[in-house]
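Okay, so here's the structure we're looking at.
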Amino acid sequence: MQRVDLGNGMRKVRMTITAKGKGKSGGARVIAYHVSATHDHFEINLLTIYDKGELANVSDSYLKNLLASLL
């Protein structure tokens, strides 16, 4: 898995969808929001999962709206 820091505590993870046979470039994207971490607890909120074939790129405004819907 490849992780990309999107800022404001958000991260994008690229994942392969094996059944599609296209590797990470044609796989899924997971956008998560890191809330808190301690030595024995790590809290992450899932914001969205999407297929790269259905949504090629996400804009800054899309990311801001995702985060606003959580907070």
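Take the position in the sequence shown, starting the count at 1, then add 271; the result is the number in the working numbering.
Note that the Cβ used here is the ideal one computed from N, Cα and C, for glycine as well.
- Please classify threonine 319: does DSSP put it in a helix, a strand, or coil? For the purposes of this step, residue 319 is taken as residue 48 along the sequence shown, with counting starting at 1. If DSSP states are grouped into helix, strand and coil, threonine 319 belongs with the strands.
- What residues match up with serine 307 in a beta bridge as DSSP calls it? As a position in the sequence shown, residue 307 is number 36, starting the count at 1. In the DSSP output, where bridge partners are listed per residue, serine 307 has Glu314.
- Residue span of the alpha helix (DSSP H) that contains lysine 335, given as start and end: Counting from one through the sequence shown, the residue named residue 335 turns up at place 64. Run containing lysine 335: 331-341, per the alpha helix (DSSP H) assignment.
- Task: Determine the contact status of asparagine 316 and tyrosine 304, defining contact as a CB-CB distance below 7 angstroms.
- Result: In the sequence shown, residue 316 corresponds to position 45, counting from 1. In the sequence shown, residue 304 corresponds to position 33, counting from 1. Taking 7 angstroms as the Cβ cut-off, asparagine 316 and tyrosine 304 qualify as a contacting pair.
- Query: Helix, strand or coil for lysine 293 per DSSP?
  - Reply: If you number the sequence shown from 1, residue 293 lands on position 22. Coil, per DSSP.
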